[in-house]
Amino acid sequence: MKPLLANSDFAASLLSARLIGFVWNVSGRHQIGVILISVLLFSIGTVPLELQRRIINIATEGGPFGMIALLTIVYGVLVVGEGLTKLLLNIYRNWISESATRWLRLHIFETARCIEDHPRPGFGEGVQLSIIVAEAEPIGSFVGDSLSQSCLQIGILCAVTGYLIYLQPMMALVTMVVFVPQLVFVPIIQGAINYRVVNKTSTMRDVSEGIVAAGGAFDSDGAQQMRVSTIFSISMGIYMLKFVMNFLMNLMSQIGYIGIFALGGYFVVKGKTEIGTVVAFVSGLGKIKDPWDDLVDWYRMLKITEAKYELVRKVTDANVPVASREEAASALELPQ
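Just so we're aligned, residue 1 is where the sequence shown starts under the numbering used here, counting upward by one.
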């Protein structure tokens, strides 16, 4: 594949109508690569839980130490291998993200070059500056995580949940119930955050336009002070909503631990399960909580990035010359 925008014959083109189309255009086959690595990771995600359960049960039953040592070594090798795989995945993801960010920034430069002789409203120097400096990076950063992150976290959730159901269905049910309320309040709170993100981005563009129009960071009429104050208020609103969401999610998780200790302790006393199973459930809830939190973060970033991408797409597509819209489709590739 040839490098992104490696030569001057690239012409500005329309961005995809939806964020997922942009993701596929700029990263294509590399998304398949990170998804395959993600599948490998969640496929082995339940093995450490089973090893923990067996080690503890052998120890409490007075089993041979040699078996404990062997399982411990296997556990250590597995943890190192899993860590190295995650390292590879993270580097690969961020390479994709940075490449997408570079493409989007150069796309703005090329769009501006195509209309330099015929400037158009809504795509002034301030808006161009805002997109290149501030708006392109969060959009590009999401590209690396766009498909692989959701695939990995959903895979881990399904694998660990299936394993816990296999061990003790009733305790697994208690563990799952605590996540149900989050399916209700997370989308509601995130919708409120997205509304504020759009307003903040639009106000930031107004600040950039004002700086360019005044020839510097001057505020002769007080308009910039009002915009900065508006940005402050919007940002504090976003923080409040974000931290309220985090508080509610953590509260639900702690309720899950309480349920495991109460029900697990009862089952152990009644001889209906082993202590190793309770330990596996405690670790398993952690194995569920982490990917669940990551999945919620991914959903949050998805909705925010969709809103930001739509703002960029509208202003750039409106200014792409008609003659340039069918050119350079092959330039939408990542470098090897």
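Just so you know, even glycine gets a beta-carbon here, dropped at the ideal spot from N, CA and C. Just so it is clear, the structure is predicted and the values come from calculations on it, not from any experiment.
For this session: Flag this pair as touching only if the stretch 262-282 and the stretch 163-183 have three or more C-beta atom pairs under 8 Å; answer yes or no.
Result: yes
Exercise. Out of curiosity, what's the CA-to-CA distance linking Leu106 and Lys303?
Worked result: 24 Å
For this session: Helix, strand or coil for Val178, going by three-state DSSP, please let me know.
Result: coil
For this session: Out of Gly215, Gly81 and Ser141, state which residue places its alpha-carbon closest to the alpha-carbon of Val26.
Result: Ser141
Exercise. In whole angstroms, what is the alpha-carbon distance linking Leu164 and Val23?
Worked result: 35 Å
For this session: Please list, in chain order, all residues of the same chain as Arg313 whose beta carbon is under 6 Å from its beta carbon, the five residues on each side excluded.
Result: Leu15
For this session: Would you mind giving the Cβ-Cβ distance between Leu381 and Ala136, rounded to the nearest angstrom? I have them listed as a contact below 8 Å.
Result: A query on residue 381 cannot be resolved here, the shown segment of the chain reaching from 1 to 336 and no further.
Exercise. Along the chain, where does the alpha helix (DSSP H) that runs through Gln254 open and close?
Worked result: Ala223 to Val269
Exercise. When the Cα of Val133 is compared with those of Asn246, Gln31 and Arg102, which residue comes out closest?
Worked result: Arg102
Exercise. Should Ile193 be labelled buried (16 or more other beta-carbon atoms within 10 Å of its own) or exposed?
Worked result: buried
Problem set entry | Residues near Ala217 in its chain [Cβ-Cβ closer than 6 Å; skip 5 each side] | Ile211
Problem set entry | Own chain, CB closer than 7 Å to Pro181, minus 5 neighbours either side, in chain order | Met252
Exercise. Taking the C-alpha atoms as reference points, what is the distance between Ser99 and Ser38?
Worked result: 20 Å
For this session: Would you check if there are 3 or more beta carbon pairs closer than 8 Å linking the stretch 36-52 to the stretch 75-93?
Result: yes
Exercise. Is it true that the CB of Ile73 sits closer than 8 Å to the CB of Ile55?
Worked result: no
Exercise. Count the other CB atoms within 10 Å of the CB of Ile258; is the residue buried (16 or more) or exposed (fewer)?
Worked result: exposed
For this session: Please state whether DSSP places Ala217 in a helix, a strand or coil.
Result: coil
Exercise. If you drop the 5 nearest sequence neighbours on each side, which residues of the same chain put their C-beta closer than 8 Å to that of Leu263?
Worked result: Met170, Met171 and Val174
Exercise. Among Leu157, Ile189 and Pro187, which residue has its Cα nearest to the Cα of Met176?
Worked result: Leu157
For this session: Go ahead and pull the three-state DSSP assignment for Gln168.
Result: coil
Exercise. What did DSSP end up calling Lys86 once you bin it into helix, strand or coil?
Worked result: helix
Problem set entry | Nearest to Tyr166 (by Cα), restricted to the options Gly62, Leu70, Leu49 and Thr316 | Leu49
For this session: Would you kindly check if the distance between the Cβ of Gly33 and the Cβ of Tyr92 is under 8 Å?
Result: yes
Exercise. From Ser220 to Leu129, what distance separates their C-alpha atoms?
Worked result: 21 Å
Problem set entry | Between the CA atoms of Gly265 and Ile255 - distance to the nearest angstrom | 15 Å
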